[in-house]
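In what follows, a structure is listed as C-alpha cells, so that the remarks can point back to it.
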Amino acid sequence: MDDLADLLSVREPGKTLPRPFYVDGELFEEELSRVFHANWLFAGHTCEIPEPGDYFLLPVGEEELIVLRDKEGGVRAHFNVCRHRGSRIATESRGRSRSLVCPYHQWAYKLDGCLANARLMGEGFDADEYRLRSATVRELAGLVFVCLAPEPPDFDAFFEDVEPQLRPHGLEGAKVAVRHSYEVRANWKTLVENNRECYHCRVSHPEFCMSNYDLGLPGDTRGDEGFDATLEREYDRWRELGLAPEEVSFPGGSPYRVSRLPLKEGFLTESLDGGLVAPLMGDLTDPQTGSLRIITLPNFWAHANCDYAMTTRLLPAGPDLTRVEVCFLVRQDAVEGVDYDPERVGAVWRATCEQDWELCENNSAGIKSVAYEPGPFSPVTEASVESFVRWYLDQLGDDSPHPVLESPRASAGSWR
Ligand code: FES
Ligand SMILES: [Fe+2]
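In terms of the working numbering, the sequence shown opens at residue 17 and continues consecutively.
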C-alpha cells in the first residue's frame, strides 16, 4: 500500500487515528494481513467441539478455518479450501462429521487433513501432495487460539502467565449456556478502543457498574487508597485459595493482559443482585474469587467469575463491519432451569455489550463525517487506548520512537 507510510507519519501520538484507518478498504486489507493473519487469534472453546469430528468455522476476512476435534482428541484448524479446485468444503457454521467431504467433486479428507479419497484422478495421482493447509493451534485451559501465519509469534509467555490463573475456572469442563452473535457497524479497532477505557462506563453501563469498581484502566493516573487496600486483602485471599493472582499487563509491548480484580462489596459475581447465577465452576470452592479478566489483541476479551465466564470474540468483516460473538459458559453438568437461568447468567454482560455496540456504531458514524479529525485521549483515563493504538501501528510497521505507556505498576489499580 503506497500511502501507508504517509498515513503513519501524520498520526499524532495521544490522539485518535486519522479517518482512513477506520474506513479505507485498502488499509483494511493491509491490517487483515499484518494484524489478523500474523497474530494469535481467539477461535472458540474446547468444550464446543467435545467429540471427534465436531467442528466450527472461523471466518477471518476472506480466509476461513475449520476448527475441529480430530480422531486422537486433538484440536486442529484447516483452511476451508479444497485442494482440488478451491471450493469451500464445510458450509455449515458448526456441526459434526467423520470426514471432510468437498461438496463439489467429493474429494474426502480425514480429520487430520490428509486426502483420503479422490475419484477419477488417474494413474500416478499422489494424494499425499494434497492434504489440507492448516493453521497452528494452541489450547489454553479450555480456550482455542489459532495463528494463520506460517511462523507464529511466541505464545509461551502468554500461556505461562494466563494458564495457572484461568485453569481453576474449569472452562474445559464447561459448556456454552448462552451465545449471542452481533454484526456491529463499526471498525474492529473502534470496539477494541471502547474496551480499553472506562471513561464511558459510569453513564453507559449501569448494570456493569453495580458489581465493578469505578477505577481506571492500565496507566490511569487516579489513585484510590480504599481500592488498593481491598486489592491487597483480596490478593492474600486468592493466594490462599491457590488462584495464583498476578497482574500481567502487555509486558514489553506484547498483546495480552491478565488480572484478577475484586468485585464490589456484596457481589460474588457480575450479576444484578450480587448472588450466584450458576454453580461454582471448575475446582473453585469459595465464591470470593473476584473476576479474572483476560484480553488478547486483536480479538478477544473475557471475564471469568466464580460461577460463569463471559468471552467476547471479534472478527473483522469489512472496514466498518465487525462480527462479534459473546458466549457465557457455565459448568457442563449444570442443568438449565434447575441450576441456572440463561437470562440471569447473561444479564449484566448482555446489557453491557449491547450498550457498547451502540456506542461504537455512533462513534463509527461520526468518524465518517467531514467534521471528524483526530481528537485527544484523556491523559488520566485513556492511556490504555493509546497503548492499543501503538501496538496496532507497530503491527503495520510503524517504527517511529514512542514512549512505553503501560508498566505493571502503573496498572496496579486497573479494572478490566
Ligand atoms: S473443488 Fe473440491 S472436490 Fe473439486
Ligand atoms: Fe463499555
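Even for Gly, the Cβ is constructed at its ideal location relative to N, Cα and C.
{"Check": "State the beta-bridge partners of Ala367 as determined by DSSP.", "Outcome": "Ala367 pairs with nothing; no bridge assigned."}
{"Check": "Around ligand 1, which residues pass a check of Cβ closer than 5 Å to any of its heavy atoms?", "Outcome": "Cys98, His100, Arg101, Ser103, Cys118, Tyr120, His121 and Trp123"}
{"Check": "What's the call for Ala173, buried or exposed, on a 16-neighbour Cβ count within 10 Å?", "Outcome": "exposed"}
{"Check": "Are the beta-carbon atoms of Glu223 and Leu288 separated by less than 8 Å?", "Outcome": "yes"}
{"Check": "Quick check on the DSSP output: what are the complete beta strand (DSSP E) runs of length 3 or more inside the segment 44-80, in order along the chain?", "Outcome": "57-61 and 70-76"}
{"Check": "Could you give the uninterrupted runs of the beta strand (DSSP E) lying entirely in the segment 93-180, keeping only those of 3 residues or more?", "Outcome": "110-112, 131-133, 150-156 and 159-163"}
{"Check": "I'd like to confirm the pairing. Which residues does DSSP put opposite Gly334 in its beta bridges?", "Outcome": "Leu337"}
{"Check": "If you draw a straight line from the C-alpha of Arg114 to the C-alpha of Gly69, how long is it?", "Outcome": "5 Å"}
{"Check": "Under DSSP, the beta strand (DSSP E) around Leu277 begins and ends at which residues?", "Outcome": "Tyr272 to Leu277"}
{"Check": "With a CB to CB cut of under 8 Å and the five nearest residues on each side skipped, what residues in its chain are close to Pro390?", "Outcome": "Arg27, Glu28, Lys31, Thr32, Leu33 and Pro34"}
{"Check": "Can you determine whether any heavy atom of ligand 2 sits closer than 7 Å to the C-beta of Asn210, and answer yes or no?", "Outcome": "yes"}
{"Check": "Measuring from the CB of Ser220, is there a heavy atom of ligand 2 at a distance below 7 Å?", "Outcome": "yes"}
{"Check": "Any idea what DSSP makes of Phe243, helix, strand or coil?", "Outcome": "helix"}
{"Check": "Hey, quick one: how far does the alpha helix (DSSP H) through Glu223 stretch, first residue to last?", "Outcome": "Pro222 to Ser227"}
{"Check": "Do you know whose CA, among Asp336, Trp365 and Pro358, lies nearest Asn379's CA?", "Outcome": "Asp336"}
{"Check": "For ligand 4, is there any heavy atom lying closer than 7 Å to the beta carbon of Asp372?", "Outcome": "In the structure on display, ligand 4 does not appear, and the ligands it does have are ligand 1 and ligand 2."}
{"Check": "Taking only runs that begin and end inside the segment 192-221, name each unbroken alpha helix (DSSP H) of 4 or more residues, in chain order.", "Outcome": "204-211 and 217-220"}
{"Check": "Just the Cα atoms here: how many angstroms apart are Ala320 and Glu46?", "Outcome": "33 Å"}
{"Check": "Between the alpha carbons of Ile82 and Ser275, how many angstroms are there, rounded?", "Outcome": "31 Å"}
{"Check": "In angstroms, rounded to a whole number, what distance separates the CA positions of Tyr146 and Glu79?", "Outcome": "19 Å"}
{"Check": "I need the straight-line Cα distance from Ser427 to Ser270, nearest angstrom please.", "Outcome": "Because Ser427 sits at a pLDDT of 37, beneath the cut-off of 50, its placement in the model cannot be relied upon, and the following sentence gives the value as read from the coordinates. Approximately 15 Å, taken between the alpha carbons."}
{"Check": "With burial defined as no fewer than 16 other Cβ atoms inside 10 Å of the residue's Cβ, what is the status of Ser197: buried or exposed?", "Outcome": "exposed"}
{"Check": "Determine which residues share a DSSP beta bridge with Leu182 and list them.", "Outcome": "Looking at the DSSP assignment, Leu182 forms no beta bridge with any residue, so it has no partner."}
{"Check": "Please name the residue or residues paired with Trp317 in a DSSP beta bridge.", "Outcome": "Ile311 and Thr328"}
{"Check": "Terminal residues of the continuous alpha helix (DSSP H) containing Asp357?", "Outcome": "Run containing Asp357: none; DSSP gives neither H nor E here."}
{"Check": "So is Glu209 buried or exposed if we call it buried at 16+ other beta carbons inside 10 Å?", "Outcome": "buried"}
{"Check": "Which of the three DSSP states is assigned to Arg85 in this structure?", "Outcome": "strand"}
{"Check": "Ordered along the chain, which non-local residues of its own chain (more than five positions away) have a Cβ less than 8 Å from that of Val420?", "Outcome": "Confidence in Val420 is poor, its pLDDT being 44 and thus under 50, which makes the residue's placement too unreliable to answer from."}
{"Check": "Count Cβ pairs between the segment 299-311 and the segment 176-185 that sit closer than 8 Å; are there 3 or more?", "Outcome": "yes"}
{"Check": "For Leu345, which of helix, strand or coil comes out of DSSP?", "Outcome": "strand"}
{"Check": "Just the Cα atoms here: how many angstroms apart are Ala143 and Glu88?", "Outcome": "22 Å"}
{"Check": "Does DSSP classify Leu387 as helix, strand or coil?", "Outcome": "Correcting the residue identity first, residue 387 is Ala in this sequence and not Leu. If DSSP states are grouped into helix, strand and coil, Ala387 belongs with coil."}
{"Check": "Put Pro392 into one of helix, strand or coil per three-state DSSP.", "Outcome": "strand"}
{"Check": "Quick one: measure Cβ to Cβ for Tyr356 and Val293, integer angstroms, because I've assumed they're closer than 8 Å.", "Outcome": "6 Å"}
{"Check": "Quick one: give me the first and last residue of the alpha helix (DSSP H) that Ser400 is part of.", "Outcome": "Ala399 to Gln411"}
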